[in-house]
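Asker:
Protein chains: 2
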Amino acid sequence: MTLLEKLQAELTRLSKSERKVAEVVLAEPQATLHKSIASLAQQAAVSEPTVNRFCHSLGAKGYPDFKLQLAQSLAQGTPFVNRHVDQSDTTQSIVEKIIESTMASLNVTRRSLDIAAMDRTVEAFLQAPRISFFGLGASASVAHDAHNKFLRFDTPVQFSDDTLMQKMAAINAKPDDVLVFISHTGRTKVLCEVAALARESGATVVGITAADSPLAQECATVLATHVPEDTDLYMPMASRIAQLVLIDALVTSFTLKKGPEIHEKLRLIKETLRDSRYEKKDIRDLP
Amino acid sequence: MTLLEKLQAELTRLSKSERKVAEVVLAEPQATLHKSIASLAQQAAVSEPTVNRFCHSLGAKGYPDFKLQLAQSLAQGTPFVNRHVDQSDTTQSIVEKIIESTMASLNVTRRSLDIAAMDRTVEAFLQAPRISFFGLGASASVAHDAHNKFLRFDTPVQFSDDTLMQKMAAINAKPDDVLVFISHTGRTKVLCEVAALARESGATVVGITAADSPLAQECATVLATHVPEDTDLYMPMASRIAQLVLIDALVTSFTLKKGPEIHEKLRLIKETLRDSRYEKKDIRDLP
DNA sequence: GAATAAATGTAATTTAGCAACATAATTTGA
DNA sequence: TCAAATTATGTTGCTAAATTACATTTATTC
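Those protein sequences? They're chains H and Y, same order as listed. So the first sequence is numbered by numbering that gives the first Met the number 0: it starts at 0 and just counts up by one. So the second sequence is numbered by numbering that gives the first Met the number 0: it starts at 0 and just counts up by one.
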């Protein structure tokens with residue numbers, strides 16, 4: 000149990016004066032870290048030894064030790080739990096919560112990723128005469144991102160968030176072509192239809208989607224992403240980050256497997272792009 | 000950056016004696032918490048003021064403050080550090096490294112975000128007759144994502160990854176319109192030009208980009224994202240996640256500030272989208 | 001309502017941290 | 001290579017912070 004939790008729990012056990020101290024600490028724990036025992040005593044309107052006794056009551060060896068434990072307690076935060084945002088949240092707490100949810104999602108991804116499926120996918124990419132990424136809505140931007148990344152290589156790559164185009168592409172897919180379907184829920188009807196068409200064309204169908212979803216059933220390989228309960232009004236944002244990270248990993252693995260000769264090409268691309276950028280040293284010279 | 004990360008990073012900057020202190024601290028950080036300045040000095044075989052100076056070198060206000068920061072740093076848990084991928088990596092280790100880098104990036108973002116700037120941006124959004132998101136290359140998909148999110152509200156929103164379109168949009172921007180420019184480096188020339196045009200139109204220009212970059216200079220409000228050294232061949236992937244999270248936070252804050260009446264609309268949208276999806280119970284019935 | 005126990009405050013003591021100064025080591029320029 | 005300047009480190013003594021011991025107040029019990 001961290002100090003702050005202990006403080007909450009044993010608030011009633013404390014004597015009157017000690018509780019006054021506790022309240023000051025709980026009101027702004029972060030600020031307490033930079034207070035001396037004297038100023039804390041003053042703010043709580045108690046004497047210094049009372050503060051000291053308060054520290055001992057909480058199991059600390061003294062005031063400095065108390066501050067140390069408080070610091071650790073604060074840094075601990077709530078470790079990566081999905082906490083829902085509500086009306087009372089400040090911008091600060093919104094950021095905290097979103098980042099923590101994202102981290103929670105990443106942790107789940109790390110633990111649950113099917114490495115074998117990823118390897119199969121990369122192998123398929125290496126063989127493929129053409130790679131396509133399809134997604135709709137929020138997943139469209141993930142597909143878009145994947146497309147951007149693969150543009151750096153010499154394998155032709157396409158992306159679409161237009162269902163008609165997707166259907167045409169799916170019908171025209173050749174064996175060995177890899178078509179990657181991205182969907183958070185895996186339940187979007189049209190996308191499932193497109194995936195079915197692709198499968199019928201004999202191409203390799205890969206899904207970045209929820210396991211056991213209708214879309215997953217159309218796929219030869221499923222890179223499952225964890226779908227947290229969507230109890231919120233706010234969009235499922237964290238899981239999309241997991242999709243992106245998954246794609247990052249695919250690209251990175253792909254790059255490595257392509258071998259060193261690809262590096263020269265990447266360097267060249269970088270070189271070329273440099274012309275469209277301001278150099279770092281230019282900063283001072285700008286208007 | 001937490002104190003331990005900083006300590007790792009600036010180890011070379013430190014003077015000989017200070018490094019001795021650093022080594023003792025790094026050897027057993029946890030134990031250091033319960034040492035006085037005197038005993039730490041003794042163990043490092045240096046004088047007390049040297050330890051004090053060491054603390055100041057790391058940005059602490061003194062020895063007690065140093066211990067406080069160290070305590071927080073330790074409580075943070077595994078310090079997610081950017082580890083570069085190399086040829087010898089397995090798919091598993093690639094995933095690990097990418098996730099850790101992403102988490103590191105998120106941690107940095109959490110600590111360094113300018114909340115006031117975010118609040119200003121949300122206020123501007125609330126006033127705006129129109130919101131636009133512009134990005135190029137990898138940042139285009141981030142802009143794309145932002146666009147998707149804002150489509151849920153009644154404020155007109157546009158997105159473009161086409162520089163000509165962007166320019167036209169910038170020129171036609173009206174005062175109170177908000178134009179958000181997304182760029183990892185903030186050094187892409189065309190995007191800076193577009194931002195300049197937008198500024199001349201009198202619209203509110205917001206940048207999600209590196210602080211102190213040319214693009215940042217064109218912006219009324221900058222939501223700075225941390226740019227790690229791009230020593231790698233592989234793309235700057237982690238920082239893009241930070242941009243996305245930032246946008247998530249903006250959208251969420253925007254939603255909350257819009258008040259409860261927006262919730263009905265969001266519910267309606269959700270309801271409508273449901274028709275395009277397979278119901279959960281349908282899974283077993285599928286072919 | 002006195003006696004006792006508990007809580008709180010006062011004053012003195014101790015200790016830790018730090019600034020100012022002194023000295024040593026290193027770098028720089030001729 | 002050596003002197004000057006700069007930087008790094010150590011010594012001393014002061015200040016402030018934390019703690020202990022003791023006194024006083026406040027609550028509790030019979």
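Idealized CB from N, CA, C, for every residue including glycine. Predicted, not measured: the structure shown is a model, and the values here were computed from it.
1. Using only the alpha-carbon positions, how far apart do I97 of chain H and A137 of chain Y sit?
2. Is the stretch 164–174 of chain H touching the stretch 168–177 of chain Y in the sense that three or more CB pairs, one from each, lie closer than 8 Å?
3. Confirm, please, whether the CB-CB distance from L32 of chain H to L67 of chain Y is below 8 Å.
4. Please check if any C-beta of chain H sits within less than 8 Å of the C-beta of D144 of chain Y.
5. Answer yes or no: does any C-beta atom of chain Y fall closer than 8 Å to that of Y277 of chain H?
6. Pop quiz: A237 of chain H and S200 of chain H are said to be a contact at Cβ under 8 Å. What is the actual Cβ separation, rounded to whole angstroms?
7. Give the interface partners of Q29 of chain H over in chain Y, defined as CB-CB distance under 9 Å, in chain order.
8. Going by C-alpha distance, which of H:A202, H:S16, H:G258 and H:S212 is nearest F53 of chain H?
9. I'd like to know whether the C-beta of I287 of chain Y is nearer than 8 Å to at least one C-beta of chain H.
10. Name, please, each residue of chain H whose Cβ falls closer than 7 Å to the Cβ of D88 of chain Y.
11. Just the chain Y side, please: which residues come within less than 8 Å of N147 of chain H by C-beta, in chain order?
12. Report yes if the CB atom of S140 of chain H is closer than 8 Å to the CB atom of H143 of chain Y, and no otherwise.
13. Give the C-beta separation of I240 of chain H and I240 of chain Y to the nearest angstrom, bearing in mind that I take them to be a contact with Cβ-Cβ under 8 Å.
14. How about R119 of chain Y: is its C-beta nearer than 8 Å to some C-beta of chain H?
15. Look up L340 of chain Y in the DSSP assignment and say whether it is helix, strand or coil.
16. Using the rule of at least 16 other Cβ atoms within 10 Å of the residue's Cβ for burial, across every protein chain shown, is K264 of chain Y buried or exposed?
17. Under 7 Å Cβ to Cβ from A172 of chain Y, same chain only, skipping five residues before and after it: list those, please.
18. DSSP state of T89 of chain H, grouped into three classes?
19. Tell me whether the beta-carbon of A70 of chain Y lies closer than 8 Å to the beta-carbon of A59 of chain H.
20. May I ask you to list, following chain order, the residues of the stretch 171–197 of chain Y that have a beta carbon less than 8 Å from some beta carbon of chain H?
21. Could you check where the beta strand (DSSP E) with A223 of chain H kicks off and where it finishes?
22. Pairing CB atoms from the stretch 33–50 of chain H with CB atoms from the stretch 39–50 of chain Y, are three or more of them under 8 Å?
23. For T11 of chain H, count the other beta carbons within 10 Å of its own beta carbon; 16 or more makes it buried, fewer makes it exposed. Which is it?
24. Report yes or no: do three or more beta-carbon pairs, one from the stretch 210–221 of chain Y and one from the stretch 183–192 of chain Y, lie closer than 8 Å?
25. Rounded to the nearest angstrom, what separates S252 of chain Y and K257 of chain H at their Cα positions?
26. List the DSSP bridge partners of G201 of chain Y.
27. Does Q71 of chain Y come within less than 8 Å of chain H when only Cβ atoms are used?
28. Taking CB distances under 8 Å as the criterion, tell me whether T271 of chain Y reaches chain H.
29. Tell me, please, whether the CB atom of S56 of chain H is closer than 8 Å to any CB atom in chain Y?
Answerer: According to the structure data:
1. 22 Å
2. Touching, no.
3. yes
4. Yes, D144 of chain Y counts as interfacial toward chain H.
5. yes
6. Contact flag wrong, Cβ pair sits at about 34 Å.
7. Correct list: empty, because the minimum Cβ distance to chain Y is about 10 Å.
8. H:S16
9. The question about residue 287 of chain Y has no answer, for chain Y in this structure spans 0 to 286.
10. Residues of chain H passing the Cβ test: L255.
11. Contacts between N147 of chain H and chain Y, judged by CB atoms closer than 8 Å, involve G136, A137, A139 and S140 in chain order.
12. yes
13. Here I240 of chain H really is in contact with I240 of chain Y; their C-beta atoms are around 6 Å apart, less than 8 Å.
14. no
15. It is not possible to answer for residue 340 of chain Y, since the shown part of chain Y is limited to 0 through 286.
16. exposed
17. L178, A197, S200 and A202
18. coil
19. no
20. T184, R186, T187, K188, V189 and C191
21. For A223 of chain H, the uninterrupted beta strand (DSSP E) segment begins and ends at T220 to A223.
22. no
23. exposed
24. yes
25. Distance between the alpha carbons of S252 of chain Y and K257 of chain H: 43 Å.
26. Looking at the DSSP assignment, G201 of chain Y forms no beta bridge with any residue, so it has no partner.
27. yes
28. no
29. no
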